[in-house]
Amino acid sequence: MSNLFDTLTAAQQALADGNIFYNAGQFSRAKQYFDRAHLLGASAKTAYSLALVHGSMGQVPKSTDYYEAALRLDPFFLEARVNYGSVLRDRANFDAARKQHTIALGLAPAHPVAQLNLGLTYVRRRNFPIARHLIEAALAQAPDLKLATQALAKLPPAVVPHPDWSLADHAALGEIGAGRDDAAIARLAPFLAQHPGSALGWTDYGAALIRLGRAAEAIPALERSRDIKPDQAPAYHNLGSAWMTVGDEAKACENYFLAIACDPTLVESWLSLSDLFTVRGAHFDAWEILLPSARTNPPNVKLLIAFAECSRKIQRRDMALEAMKNVGSLLPDSFVVHNNNGTFHLENGSLAEATASFEKAAAIEPGSAMVAGNLGASYEIAQRYDEALAQYERASALDPDNLAFVTRRMHVAQHLCAWEGIEALFARVAAASALDLAEVQPFGILSVPGVDGVVHRDLATLHARRHFPDHRVERRHAKSSGRYRIGYLSSDFHDHPTTWLMIELLELHDRSRFEIFAYSAGPSTSDPIRDRIRKACDRFVEIRALSDQRAADLIAGDGIDILVDVKGYTLHTRSGILGYRPAPIQINYLAYPGTMGSPYVDYIIGDPIVTPPALDHHYTETVLRLPHCYQPNDRRRPRPVAPTRAKAGLPARGFVFCSFNNAYKVTPEVFSSWCRILAAVPDSVLWFLSGNPRVMDNLRAEAARRGVDPDRLVFAPRLSFADHMARYQLADLVLDTFPVAAHTTASDALWCGVPLVTLIGEIFASRVAASVLTAAGMGELVTGSLPEYEALAIALASDPERHADVKHRLEAARMVCPLFDTPRYTADLEKLYVDCIAGRARRA
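Numbering (our numbering), first residue to last: 845 to 1688.
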């Protein structure tokens, strides 16, 4: 504890010493102390001090960087916001300056410095009436504020409002209050003819027209109100709404800002401005605009709920939860509060808290299909599949037309091998169009038999458009030569199957030609694989806490030439980052076996087997083909000495068929095939990976229904990776699943010297094991139909010499075949990268 105290004291002392030199105008000396303080204990204050000193030394870009850092560390740092806005104003970046000063005003509505600086920004924008309004407000708070007095003296004469500006037709107001806008307009028309200087009357008239859907007619009325008295917030707010309705976002934005400048307590303008940024996809800007709501006293429920949602979108779930906690204290029995809290906790990985919140929401509204689905999701992620299935069944019963609930229910049933009625669910999903499936996660239908590759493509396209839009950000072109920067983006840079595959690739990249960046959006763990990744990369960058937009800006700032998404539409995806186009070339790679359907993802990496040219129409990306297999492999993966059969729970004698794929990949049709194979090979067993009692009971019952002794199913518990690879070698033949084939498990089997029989299909996920086998020189084990698949498995199990020959050839080729030739794989992939950059340069 003393070490921590000493460090804090040293940082605080360095900051204090730096301030002495800064106040004395010795900026170089001050910077030395501020640098030391920041190094010892980075904080908003140390970053702010560095921003000030760099600005004083004329190093504006550095100053800007440190202002940004200070506000990342403390978004509520009023002084930093005001000064940062002033720097932006001095650089003629008036829109950005106005945003910073408006947020500062929201944080401190009666703060004279905040009022003055926003006023000075409006002076630079040449909006003198609003500038005057703000500067006069500052002087009312601080009459001795000389800068305000000087600024006010330089302004043009004030616009004097019409003497009747505050007149109102109270009968018309009564009609508006009763919701009779047509009647209000009928009364206001003659009133305004008699009192054309009534600014309030014109505002009421325009607002009524907007509510009636006549926004274009409302604009002249509201502009007339504004011209009569230019500092009234309602006129600007309604003008913003009218311009938004007619499709002019720029003018809407301008008027919402003006409304807030006139009245920083106007809740609807803050909400509307944040919504406008959200519509544009500028989620960080939307969040910043709502920051003041977290400090408003008394709190406003609508603003806090909106702020929480914006916080969630930019990955600031801590602030989202704090905001919803405040809402919960005001509305303890609110369904929205508990459901939103559950969503935020779920995305934060806090499953127990998520479940508790959803259960409270369900108790308040037991008829809500949405909350039943949310409860199902929390149970599913926690692998509490029985409870998840019950909730998805309930959600489907409450909303039977919702195919998202159908597919989740089906997918969880597959995890449990609970197949009653599942064929009907398969048929319903397979018969649906991509539009029908628009609410469905693309991964959720990979394991559904009969879904066409074009439907997979179209669903991915809809999913991208809805959840990961193209923000059309203009970025630089890739370098045409030199040392290229390759960025790998994933949430799985830890002990995870995808990372097991690619770790040696990262280690073998040619550092004379490539600079390797890893962007980690997953948990910060401590394990050997993560340590290897850190050592393998030139830079390892944690981005979990950053919004998609902020992460994209960081990646772009790193000058990445190619960004490789090693996640796609799998759990904890951060594919939304790619929508901001942080790199000139963006690639879909390895983790997700299919297209991402995104206009901003340029390429998908495949090979001649997994992505044959005849199926290019399944992908919105341009297909890049490695010459052998798209899948990399780590030659340092373990292969310990195999245990005894008895220790692994296997019988002493008999042929061992094996499937170590996840249970959800097993369909009733595939299991029936396995049972026919078992029936044809006496004394054989099927070795299956599962520690779930429900799965074991279900599969035993399914085997009995097919005439197979349930005791011929042997279940393998989950072990450490090394122990798992040791026991894998006891299997005689792996039986693959369909339509989702083995991926990492296929390479694991071949590495352990165990052959695998697969059935090749049409979609990417159905062709992976075929690609792996072909690259291992075992293409003879790829079949084209279920009868052929069964016949080959039975033949290999029934002919010891043939089986021994296959195993011998597999073992002899293991260290020389393309599948495990990682140096060759790395060189081939690097050639694709260089070709992409060269091709992009030719088209630029």
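Even glycine gets a Cβ: it sits at the ideal position worked out from N, Cα and C.
Along the chain, where does the beta strand (DSSP E) containing residue i start, and where does it finish?
i, result
"residue 966", "That residue, residue 966, is in no beta strand (DSSP E); its alpha helix (DSSP H) goes 956 to 968."
"residue 1363", "1358 to 1364"
"residue 1532", "1529 to 1533"
"residue 1285", "That residue, residue 1285, is in no beta strand (DSSP E); it is neither H nor E in DSSP."
"residue 1500", "1500 to 1503"
"residue 1467", "1466 to 1469"
"residue 1474", "That residue, residue 1474, is in no beta strand (DSSP E); it is neither H nor E in DSSP."
"residue 885", "Unbroken run through residue 885: none, as it is neither H nor E."
"residue 1333", "1328 to 1334"
Report back the beta-carbon spacing between residue i and residue j to the nearest angstrom; my notes put them in contact at under 8 Å.
i, j, result
"residue 1224", "residue 1215", "With 8 Å as the limit, residue 1224 and residue 1215 do not qualify as a contact, their Cβ atoms being about 15 Å apart."
"residue 1476", "residue 1669", "5 Å"
"residue 1616", "residue 1473", "6 Å"
"residue 1381", "residue 1358", "Incorrect: roughly 11 Å between the Cβ atoms, too far for contact."
"residue 1447", "residue 1466", "5 Å"
"residue 1757", "residue 1513", "One cannot answer for residue 1757 here, as it falls past the ends of the chain, which runs 845 to 1688."
"residue 1507", "residue 1227", "Not confirmed; about 11 Å, so no contact."
"residue 1574", "residue 1492", "5 Å"
"residue 1079", "residue 1070", "5 Å"
"residue 1308", "residue 1440", "6 Å"
"residue 1363", "residue 1387", "5 Å"
"residue 1061", "residue 1081", "Residue 1061 to residue 1081, Cβ: 17 Å. No contact."
"residue 973", "residue 1074", "4 Å"
"residue 947", "residue 1136", "6 Å"
"residue 1011", "residue 1044", "7 Å"
"residue 1338", "residue 1392", "Between residue 1392 and residue 1338 the Cβ distance is about 21 Å, and since that is not below 8 Å, they are no contact."
"residue 962", "residue 1105", "6 Å"
Give the DSSP bridge partners of residue i, in chain order.
i, result
"residue 797", "Nothing about residue 797 can be read from this structure; the chain reaches only from 845 to 1688."
Taking 7 Å as the cut-off, decide whether the C-beta atoms of residue i and residue j are in contact.
i, j, result
"residue 1050", "residue 1065", "yes"
"residue 1518", "residue 1557", "no"
"residue 866", "residue 904", "no"
"residue 1232", "residue 1220", "yes"
"residue 1606", "residue 1401", "no"
"residue 1677", "residue 1406", "yes"
"residue 1534", "residue 1499", "no"
"residue 1656", "residue 1613", "no"
"residue 1348", "residue 890", "no"
"residue 1170", "residue 1148", "yes"
"residue 1620", "residue 1577", "no"
"residue 1301", "residue 1462", "yes"
"residue 1403", "residue 1315", "no"
"residue 1182", "residue 1204", "yes"
"residue 1411", "residue 1396", "no"
"residue 1199", "residue 1222", "yes"
"residue 953", "residue 985", "no"
"residue 918", "residue 881", "no"
In terms of residue numbering, what span does the alpha helix (DSSP H) encompassing residue i cover?
i, result
"residue 911", "904 to 917"
"residue 1651", "1644 to 1657"
"residue 1236", "1229 to 1242"
"residue 1249", "1247 to 1260"
"residue 997", "990 to 997"
"residue 1281", "Unbroken run through residue 1281: none, as it is neither H nor E."
"residue 1344", "1341 to 1352"
"residue 1519", "1512 to 1524"
"residue 1663", "Run containing residue 1663: none; DSSP gives neither H nor E here."
"residue 1038", "1025 to 1038"
"residue 1151", "1145 to 1157"
"residue 1201", "1195 to 1208"
"residue 928", "922 to 934"
"residue 1173", "1161 to 1174"
"residue 1191", "1179 to 1191"
Does residue i get closer than 7 Å to chain B when you measure Cβ to Cβ?
i, result
"residue 1093", "Of the protein chains in the structure, only one exists, and it is not chain B."
4-residue-minimum alpha helix (DSSP H) runs that sit fully inside the segment 1375 to 1409, ordered along the chain: List check, alpha helix (DSSP H) in window: 1392 to 1401.
Within the segment 1529 to 1617, ranges of the beta strand (DSSP E) (whole runs, at least 3 residues): 1529 to 1533, 1557 to 1560, 1577 to 1579 and 1600 to 1603
Runs of beta strand (DSSP E) wholly within the segment 1416 to 1466 (minimum 3 residues, chain order): 1429 to 1432 and 1447 to 1450
Every unbroken alpha helix (DSSP H) within the segment 1040 to 1113, with a cutoff of 4 residues, ordered by chain: Qualifying alpha helix (DSSP H) stretches, in chain order: 1043 to 1055, 1059 to 1072, 1077 to 1090 and 1093 to 1106.
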